[in-house]
Amino acid sequence: MGLLKPQAGTVVRSEPNLTDRVTEMLIEEITGGQYQPGEVLPPEQVIADRLGVSRTVLREAVSRLKADGIVTSKQGRGLTVMVNTRPSVLRMQAAEEGNVEQIMRIVELRRGFEIEAAALAAQRRDEQDLENMRDALDSMAAAVESGDVVAGIEADLNFHRAIARATRNEHYLNFFDFLSVLLKRNVQVSRSRSAKRAGRGAMAQSEHEALYRAIEQGDSELARLHARNHIENTGIRLESTSFLKR
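Numbering of the sequence shown is given in full-length UniProt numbering, commencing with residue 1 and proceeding in unit increments.
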């Protein structure tokens, strides 16, 4: 009948995003009309065997379903379906390493979001916001000087997070926190590969400084201009340091 019902099924092969795939397959089955709220799923070992995955992978997938309130564990009953509709929660997957098309889609999303965030920050920032941005910029400069990629990424994200906070709109801040999880892995790969390319870190730092000055001056249009310039150049840097896979 369905993926979770006892029957012969297709074996899922191991790959980097296996947990994501298993999670999506389970959600599709539960929300596809095969189960009603209150029904009990087969034992985890049965599901794992049918999918050809380890109990560890399956448990990670099940934990995501529990977090979304789709299933729950009931003493003596096993996994019980709570709802059979998809959760109304924004979900996105990080781009696969080297997949330039997926990376650029995230950059496009970031462009629309961060340009307006910069404009609002220029209008609404206070001295504490500027201090937070300045601290992040100083940390980035130190990281560029020392070649510390991890510290540089953290400082970079802190700078952009300070801008999101300066919008005085909690939705901008919450969305940035969501988006930063997707960005972090790709930025780390890009910077690790480009660490020895002369001037890359300095160029990004210069773009950040220009954006900071526009926000400091309270110039929304100039902030938009420099935010656009920075995000577009970031896309170019990410694209040129990825193993192209289209």
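The beta carbon of each residue, even a glycine, is placed where N, CA and C say it ideally should be.
Remember, it's a predicted structure, so these values are computed and weren't measured experimentally.
Item	Value
How many Å lie between Q123 and N229 at the Cα?	19 Å
Suppose the cutoff is 8 Å on Cβ atoms and the five residues either side in sequence are ignored; what does the same chain contact list for M82 look like?	P37, G69, I70, V71, T72
Please state the DSSP three-state secondary structure of V83.	coil
State the Cα-Cα distance for the pair A151 and S139, rounded to the nearest angstrom.	8 Å
From this set, A121, I103, P43, which residue's C-alpha is nearest G76's C-alpha?	P43
Return the first residue and the last residue of the alpha helix (DSSP H) that T23 is part of.	18-29
Return the chain-ordered list of same chain residues with a C-beta closer than 7 Å to the C-beta of V144, the five sequence neighbours on each side being excluded.	G152, G201, A202, Q205
Can you give the Cα-Cα distance for L183 and R55, rounded to whole angstroms?	29 Å
Rounded to whole angstroms, what is the Cα-Cα separation between N132 and L58?	41 Å
Which residues bound the beta strand (DSSP E) around S73?	71-74
In terms of alpha-carbon separation, which member of L137, A119, A162 lies closest to A214?	A119
Can you give the beta carbon distance from residue 285 to L26, rounded, assuming they're within the 8 Å contact cut?	Shown here, the chain extends from 1 to 246; a query on residue 285 therefore has no answer.
Please work out which residues of its chain come closer than 7 Å, Cβ to Cβ, to T85, disregarding the five sequence neighbours upstream and downstream, and give them in chain order.	T31
Could you pull out every residue in the same chain whose Cβ sits closer than 6 Å to the Cβ of T23, ignoring the five residues on either side in sequence?	A61, R64
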